[in-house]
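Enquirer: Numbering (the numbering used here), first residue to last: 132 to 326. Sharing a structure here in structure tokens format.
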Amino acid sequence: METVVLGNESVNEGFLKTVGFKMAIFARTKLTIYDTCFAEDPGEVDLKYVGPHATELIKKSYELIKSVWKASDSDIQEENYSWGKGEEDKFSMRWYMHRDIDKFTYFWIRFTLKGQGTDKMGKANLVIRPVLITEYPQDTVWQRSLLYEMIRTFWHRVFYHGKRIDYIADCRNLTALYSKKVKDFYNELLERDKG
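So this is what it looks like as structure tokens:
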């Protein structure tokens, strides 16, 4: 499990913009704990498909994001969308799913889908990068005080750390479920073409 703890706004903004994150808690200064949901690098799931009807993966991938993570349309942001028509359709899109878990923690998951092909044959690549982020605001004088930090650290280690471990396990399980449903759809597309 990769954990990055960031302490001030300038580091947070620069680092998180580099990896494509938006801020969830409105605070000028905050402590951010960033965990990839998978312990091993690269921390993402890569699903490749070669077969007919590759363009149907776009709609199905989006629907599965909503059903598996119980996300609404407002939880999903489409960052990149391109579609090229020609002998082969070429497509590329990236979605970010932000889902709050509690007051401090949320899932931030990037889905990147790229592919090309026709109805008869094509290929696609879906990359899922799940991340769990916890943010503690540090705007007020009280939140910046040594006593507050000691209490927050004690509370985090004794009570909240176990909860975060459960959230990371949920993140892994939901990512595995999403991957399984996408693979099932891959097989459905292949079977439909045979029939």
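Yeah, the Cβ is synthetic: ideal placement off N, Cα and C, and Gly gets one too.
1) Using the three-state DSSP reduction, which class does Phe290 fall into: helix, strand or coil?
2) Take the Cβ of Arg159 as the centre, count every other Cβ of all protein chains shown within 10 Å, and call the residue buried at 16 or more, exposed below.
3) Excluding five sequence neighbours on each side, which residues of the same chain lie with their C-beta closer than 8 Å to the C-beta of Lys314?
4) If you follow the beta strand (DSSP E) that Trp83 is part of, which residue opens it and which one closes it?
5) State buried or exposed for Met228, treating a residue as buried only when at least 16 other CB atoms are found within 10 Å of its CB.
6) Quick one: what does DSSP say Phe238 is sitting in, helix, strand or coil?
7) Under a three-way DSSP split, which group does Ala255 fall into?
8) What span of residues does the alpha helix (DSSP H) with Glu194 cover, start to end?
9) Using 8 Å as the threshold, is the segment 280 to 295 in touch with the segment 214 to 227, meaning 3 or more CB pairs across them?
10) Along the beta strand (DSSP E) that carries Gln269, what are the first and last residues, could you check?
11) If you run the structure through DSSP and keep just helix, strand and coil, what is Ser203?
12) Ordered along the chain, which non-local residues of its own chain (more than five positions away) have a Cβ less than 6 Å from that of Val258?
13) Exposed or buried, what is Asp296 when buried is set at 16 or more other beta-carbons lying within 10 Å of its beta-carbon?
14) Where does Ser192 land, buried or exposed, given buried means 16+ other C-beta within 10 angstroms?
Expert: Well, looking at it:
1) Here residue 290 is taken as the residue at index 159 of the sequence shown, counted from 1. DSSP, reduced to helix, strand and coil, places Phe290 within a helical segment of the structure shown.
2) Reading the sequence shown from its first residue, position 28 is the one you call residue 159. It is exposed - the Cβ of Arg159 has fewer than 16 other Cβ atoms within 10 Å.
3) Position 183 of the sequence shown, counted from the first residue, corresponds to residue 314. Close CB contacts of Lys314 within its chain, under the 8 Å cut and outside five residues either way in sequence, are with Leu178 (chain order).
4) No statement about residue 83 is possible, as the shown extent of the chain runs from 132 to 326 and does not include it.
5) Reading the sequence shown from its first residue, position 97 is the one you call residue 228. Classification for Met228: buried.
6) Against the sequence shown, residue 238 aligns to sequence position 107. The DSSP-derived three-state label of Phe238 is strand.
7) For this step, residue 255 is matched to residue 124 along the sequence shown. For Ala255, the three-state secondary structure derived from DSSP is strand.
8) Start at 1 with the first residue of the sequence shown, and residue 194 comes out as number 63. Residues 187 to 199.
9) Contact between the segment 280 to 295 and the segment 214 to 227 is absent, with fewer than three C-beta pairs closer than 8 Å.
10) By 1-based counting over the sequence shown, the position of residue 269 is 138. Gln269 -> no beta strand (DSSP E), and no H or E assigned at all.
11) Locating residue 203 in the sequence shown gives position 72, where the first residue counts as 1. Here Ser203 sits in coil by DSSP.
12) As a first step, residue 258 is located in the sequence shown; it is residue number 127 there, counting from the start. The residues are Glu175, Asp177, Thr243.
13) To locate residue 296, count along the sequence shown from 1; it is residue 165. Per the sequence presented here, residue 296 reads as Ile, with Asp not at that position. Ile296 is exposed by the Cβ-count criterion.
14) By 1-based counting over the sequence shown, the position of residue 192 is 61. So Ser192 ends up on the buried side.
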